[in-house]
Amino acid sequence: MTASDEWRPSAAVETIRARAEMLARIRQFFKRIGVLEVETPICSRYATTDPALESFSTRYTGPGAARGRDLYLHTSPEFAMKRLLAAGSGAIYQICKVFRNGEYGPRHNPEFSLLEWYRPGLDYHQLMDEVAQLVNTLTKQPMSVERLSYAELFEDYLDLNPHLATGDQLRQCAISQGVAGAEQLAIEDRDGWLDLLMSHLIEPRLGQGGMTFVYDYPASQAALARIREEPTPVAERFELYMEGIEIANGFQELTGAEEQHRRFEDDNHRRRQSHQTAVPMDQNLLAALTAGLPDCSGVALGLDRLLMVLTGVADIRQVVTFDISRA
Amino acid sequence: MMCAAIDMLGEDVMASYSTNEFKGGLKIMLDGDPCSIIENEFVKPGKGQAFNRVKIRNLKTGRVLEKTFKSGESVEGADVHETEMQYLYTDGEFWHFMDPQSYEQVSADQAAVAESAKWLKEQDMCLVTLWNGAPIIVEPPKFVILNVSDTDPGLKGDTSGSGGKPATLETGAVVRVPLFVQIGEAIKVDTRSGEYVSRAKED
Numbered sequence: 001m002t003a004s005d006e007w008r009p010s011a012a013v014e015t016i017r018a019r020a021e022m023l024a025r026i027r028q029f030f031k032r033i034g035v036l037e038v039e040t041p042i043c044s045r046y047a048t049t050d051p052a053l054e055s056f057s058t059r060y061t062g063p064g065a066a067r068g069r070d071l072y073l074h075t076s077p078e079f080a081m082k083r084l085l086a087a088g089s090g091a092i093y094q095i096c097k098v099f100r101n102g103e104y105g106p107r108h109n110p111e112f113s114l115l116e117w118y119r120p121g122l123d124y125h126q127l128m129d130e131v132a133q134l135v136n137t138l139t140k141q142p143m144s145v146e147r148l149s150y151a152e153l154f155e156d157y158l159d160l161n162p163h164l165a166t167g168d169q170l171r172q173c174a175i176s177q178g179v180a181g182a183e184q185l186a187i188e189d190r191d192g193w194l195d196l197l198m199s200h201l202i203e204p205r206l207g208q209g210g211m212t213f214v215y216d217y218p219a220s221q222a223a224l225a226r227i228r229e230e231p232t233p234v235a236e237r238f239e240l241y242m243e244g245i246e247i248a249n250g251f252q253e254l255t256g257a258e259e260q261h262r263r264f265e266d267d268n269h270r271r272r273q274s275h276q277t278a279v280p281m282d283q284n285l286l287a288a289l290t291a292g293l294p295d296c297s298g299v300a301l302g303l304d305r306l307l308m309v310l311t312g313v314a315d316i317r318q319v320v321t322f323d324i325s326r327a
Numbered sequence: 001m002m003c004a005a006i007d008m009l010g011e012d013v014m015a016s017y018s019t020n021e022f023k024g025g026l027k028i029m030l031d032g033d034p035c036s037i038i039e040n041e042f043v044k045p046g047k048g049q050a051f052n053r054v055k056i057r058n059l060k061t062g063r064v065l066e067k068t069f070k071s072g073e074s075v076e077g078a079d080v081h082e083t084e085m086q087y088l089y090t091d092g093e094f095w096h097f098m099d100p101q102s103y104e105q106v107s108a109d110q111a112a113v114a115e116s117a118k119w120l121k122e123q124d125m126c127l128v129t130l131w132n133g134a135p136i137i138v139e140p141p142k143f144v145i146l147n148v149s150d151t152d153p154g155l156k157g158d159t160s161g162s163g164g165k166p167a168t169l170e171t172g173a174v175v176r177v178p179l180f181v182q183i184g185e186a187i188k189v190d191t192r193s194g195e196y197v198s199r200a201k202e203d
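First to last, the sequence lines map onto chains A and B.
For the first sequence, my numbering gives the first residue as 1, with consecutive numbering after it.
For the second sequence, my numbering gives the first residue as 1, with consecutive numbering after it.
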């Protein structure tokens, strides 16, 4: 890119039109099934504690904060939407921009569009059905849907049990499967190795010509999903893959305030250990959970990546008007 | 540009680069060899560890390999830069080059000169890649003018219609030339394709 064409959009006009069409159909879909569209703040005094996510921050100075107050840009609208659910909103969805620092590449732009929705009374398996229905209203033809548990996936592709294998076994697997440079990687935890195997060896093969849902993640990767204890603890979490790309991430939502508080604390502890800064945990979410979050499932779907699949392009820059290098 | 810095002992030390600085053309050290990044891809699960999946050329062997780094890791930079140098002569074991500004000379071995050897003509300017001051890659000029030292003198004999004949040049390179080219003539050759371009005008 030269300085002289930096002003131009990185997406083609047809793709910009395809996005508008996609958004219109999504809104129709939710109107038809009776899910309410909402908006929540982008800036919050609280941040996500998840060590895998880095929030951008900004500062508000003015009435109410004469000396200024740090605000974090949301990495997803999850916390605020759960406060709405606890306040009795019923089923809700939101289409918004979210912000994640440090993420830029063919599938990442530090600001991107998310569709997030919550369904009180539906479990995460029913929500997977709904995700598939939504995607099928956007594709030319209905797509095949495949469902595999995280354990089945690792057994099928790599012949190992992801819940029981030791860090060293996972490392050996990465080496024997030819992940270049695996010998020298300084990965301390099992989850890092699982992420390596998943992203390098399994993910590229998922959702070829259809939708692949992966569900029941290791309990250590629960994020905000409920954990089911028997027989091996698993997180009631799912992901949708299409054409080898991670499209959506959903949970049977954790509803317990105490458990949520403990996970926030654990996250911040892990952040300090890996020399990330600890961030203020969302006290309003904890208060909402104490007041009572209805049993619900929720999912966040990356709209830019979905548009990549729908339009058949390989780079996220081709589906956003101006990627960060032109912003 | 090189990013040499001086450490406390006064020795040159290379800067190190974090994965966030990775981009095409960046020169880094890998397993003791200088390498150049060809492609860098950021890979990250939504809720997990980020990696940089990199395609790299080993500048000593020319081999292209892949390597995955944990995002945020740092890698030692390689003191590699390219410079125009004049080819002086070969003593059979080494090929000697001179920096036209400083008159400093360097000698390149067979591994560095490799396939380029057959295009090297004394006095020609070449692009030399130096690692820690020593040549590891020598690229000849895109076009060279060389004398034909041997070729079939006959214009006849080409009944196949292939339109050419082999000619051995003064440097030992063999190229296909049109039938009218004769021993002692100078021709212009494209070193990238190894193909005859034209007859060269005599100076």
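Yeah, the Cβ is synthetic: ideal placement off N, Cα and C, and Gly gets one too.
Here residue 170 of chain A has 190, 193, 194, 197 as same chain residues with Cβ atoms under 7 Å from its own Cβ, once five neighbours each way along the sequence are excluded.
Close to chain A, meaning a Cβ-Cβ distance shorter than 8 Å, are the following residues of the segment 44 to 70 of chain B: 44, 45, 46, 47, 48, 49, 50, 51, 53, 65, 66, 67, 68, 69, 70.
Nothing from the segment 97 to 130 of chain B brings a Cβ to less than 8 Å from some Cβ of chain A. About 25 Å separates the beta carbons of residue 268 of chain A and residue 299 of chain A, which is beyond the 8 Å limit, so they are not a contact pair. DSSP links residue 58 of chain A through a beta bridge to A:71. Listed along chain A, the residues sitting closer than 8 Å to residue 41 of chain B by beta-carbon distance are 105, 106.
Rounded to whole angstroms, residue 34 of chain A and residue 123 of chain A show a C-alpha spacing of 17 Å. For residue 73 of chain B, no alpha helix (DSSP H) run applies, since DSSP gives it neither H nor E.
Comparing alpha-carbon positions, the option among A:37, A:279, A:21, A:259 lying closest to residue 90 of chain A turns out to be A:37. Inter-residue distance for residue 43 of chain A and residue 60 of chain A is about 10 Å (C-alpha atoms, whole angstroms). Neighbourhood of residue 196 of chain A in chain B, by CB distance below 8 Å: 49, 51, 68, in chain order.
Counting C-beta atoms within 10 angstroms of its own C-beta, residue 103 of chain B has fewer than 16 neighbours from the protein chains shown and is therefore classed as exposed. Pairing residue 179 of chain A with residue 163 of chain A gives a Cβ-Cβ distance that is not under 7 Å.
The beta carbon of residue 221 of chain A sits closer than 8 Å to the beta carbons of 191, 194, 235, 237 from its chain, once the five residues preceding and following it are set aside; these are given in chain order. Short of 8 Å from the beta carbon of residue 57 of chain A, and not among the five residues preceding or following it, lie these beta carbons of its own chain, in chain order: 47, 70, 71, 72, 73. Within 8 Å of the CB of residue 185 of chain A, the CB atoms of chain B belong to 68, 69, 70, in sequence order along the chain. Membership of residue 193 of chain A in the alpha helix (DSSP H) is indicated by the continuous run 190 to 197.
Boundaries of the alpha helix (DSSP H) around residue 176 of chain A: 167 to 176. For residue 143 of chain B, the enclosing beta strand (DSSP E) covers residues 143 to 151. Within the segment 202 to 235 of chain A, the residues whose Cβ lies closer than 7 Å to any Cβ of chain B are, in chain order, 221, 223.
Residue range 13 to 33 is occupied by the alpha helix (DSSP H) that includes residue 26 of chain A. Rounded to the nearest whole angstrom, the CA to CA distance from residue 56 of chain B to residue 32 of chain B is 14 Å.
If only complete runs of 3 or more residues are kept, the segment 76 to 136 of chain B shows the beta strand (DSSP E) at 80 to 90, 95 to 98, 105 to 108, 125 to 131, in order along the chain. Nearest neighbour of residue 197 of chain B by Cα position, chosen from B:46, B:146, B:150, turns out to be B:146. As computed with DSSP, residue 117 of chain A is found in a beta bridge with A:93, A:299. Taking a Cβ-Cβ cut-off of 8 Å, residue 37 of chain A has no neighbours in chain B, whose nearest Cβ is about 23 Å from it. Within 8 Å of the CB of residue 191 of chain A, the CB atoms of chain B belong to 48, 49, in sequence order along the chain.
Of the other Cβ atoms in all chains shown, fewer than 16 fall within 10 Å of the Cβ of residue 81 of chain B; this residue is therefore exposed.
Look at residue 217 of chain A here: in three-state DSSP terms it is strand. If you draw a 10 Å sphere on the C-beta of residue 76 of chain B, you find fewer than 16 other C-beta atoms in it, and that means exposed. An exposed status is given to residue 132 of chain B, since fewer than 16 other beta-carbon atoms sit within 10 Å of its beta-carbon. Out of B:120, B:181, B:125, B:124, the CA that lies nearest to the CA of residue 150 of chain B is found in B:181. For residue 299 of chain A, the nearest beta carbon of chain B is not closer than 7 Å to its own beta carbon. Between the alpha carbons of residue 94 of chain A and residue 40 of chain A lies a gap of roughly 8 Å.
The segment 106 to 116 of chain A makes contact with the segment 293 to 309 of chain A: 3 or more CB pairs, one atom from each, lie closer than 8 Å. Annotation for residue 144 of chain B: 119, 121, 124, 189, 191 place their beta carbon closer than 7 Å to its own, counting only its chain and skipping 5 residues before and after.
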